[in-house]
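All remarks here apply to the structure that follows.
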Amino acid sequence: MGDLLINLLASVIAGTAVWLAGFLLRRHKLNRARDFFGLTAGASCLLVVSRHASSPREFSVHRRDVAALVELATIARECGAHADRVGEDQPTGEIGRLTEFCVGGPGGASPRSVTHVRAILRGVTYEVFDEEKRRRSFMVGGTEYVFSPETSYVLLARFWGPVGGRPIFFIGGLTAGSNLAAARYLARHHPELARTYGANRPFALVLRIIEPAAYGTDFTELVADVTDVAFQPVPQPVE
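Mapped onto the numbering used here, the consecutive letters of the sequence shown carry residue numbers 317 to 555.
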C-alpha cells in the first residue's frame, strides 16, 4: 500500500512538472512573440492595406491581400491583441502609437507605403507598375529585383519612427501573391527572426517566391538581408 502511494505521488509530481515545463515554454514563446511584434494583451494594432489597383470600387482589396491580412490578424490574436483594418487613405494616427502592418508595395500606388519608403526605407526604390509593359521591380543597394512569371519578390521589413514606440511591419511585394507569401513567412518564421534581430533591431529582407503560378506561396525563400542599405540617413541640407 505504501509503495502504491509513493508511486502515485511520484506520478503526480512528474505530471505536474511536465505540465509546468510546458506552460513555462508556451509562456516564454508568447512573451517573445509579443516583444517581437510590439504587442501586449488587449492591445490594438493596425492593418493598412492598399486598394485593389484594377478595381473601380473605392474600398476593394485584392483577395490575396485579404488573405495576407488574415495571416497578420491571426498573429495579433495569438499575442492576445486585436487588429483594426485601415484603408490606404484613412488616417492611422501618429507613427509608433500602435503596431502597424502595412501591406502593399508603393509600385501599386499605396500612399502609406509610399510614405514609409520615402521617409524611412530611403535605400529602396520601387518602379511604378507599368501594366502595358508588365514590368514590376524594386531596387535595393544597386540590386534590382524584377517580377517574372517564374519569380516574384517582396520586401519584408520592421522599423520604427523617429520617436520609437511600436514597430511598423512593411510588406511591399511586386504582386498581391507575394504580399501573401511574406505574411505567411512572417507568421511561420518570426521565432527565428526574433532570435536574430531581437525586439529592438530593425531589419529589411528580400524574399523570393519561386514559380508562384504553380506553387503559390509554398516555395518562398530568403534572398538577401538588405538591412544595411535599406535604411539610409536623412540627407543633410547643403549649406
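For glycine and all other residues, C-beta sits at the position ideal for the given N, C-alpha and C.
Exclusion of the five residues before and after residue 482 leaves 354, 412, 414 and 415 as the residues of its chain whose Cβ lies within less than 6 Å of its Cβ.
Taken atom to atom, the span from the alpha-carbon of residue 454 to that of residue 440 is near 7 Å. With the rule of 3 Cβ pairs closer than 8 Å, the stretch 542-551 does not count as touching the stretch 489-501. Under the rule that a run must span 3 or more residues, the beta strand (DSSP E) segments found entirely inside the stretch 437-514 read 440-442, 453-456, 459-462, 467-477 and 480-489. Under the three-state reduction of DSSP output, residue 414 falls in the coil class, being neither helix nor strand.
Take residue 381, set aside five residues on each side of it, and the residues of its chain with a beta-carbon closer than 8 Å to its own are 365, 366, 368, 419, 420, 492, 495 and 496, in chain order.
Under the three-state reduction of DSSP output, residue 547 falls in the coil class, being neither helix nor strand.
Residue 387 holds the alpha-carbon nearest to the alpha-carbon of residue 503 among 396, 387, 476 and 542. Taking residue 383 as reference, the option from 396, 397 and 401 with the minimal CA-CA separation is 401. Comparing C-alpha distances from residue 397 to each of 427, 507 and 363 shows the shortest one belongs to 363.
Classified as buried, residue 442 has 16 or more neighbouring CB atoms from the shown chains inside 10 Å of its CB. Annotation: the continuous beta strand (DSSP E) that includes residue 539 extends over 536-541.
The three-state reading of DSSP puts residue 355 in coil, since its state is none of H, G, I, E or B. Between residue 452 and residue 463, the gap from beta carbon to beta carbon is short of 8 Å. Judged by DSSP in its simplified three-state form, residue 432 adopts helix.
Note: residue 400 is bridge-paired with 362 in the DSSP secondary-structure output. Beta-bridge analysis with DSSP links residue 524 to 469 and 537. Across the set 537, 460, 431 and 357, the C-alpha of 431 shows the shortest separation from the C-alpha of residue 477. Excluding the 5 residues flanking it on each side, residue 485 has same chain C-beta neighbours closer than 6 Å at 417 and 474, in chain order.
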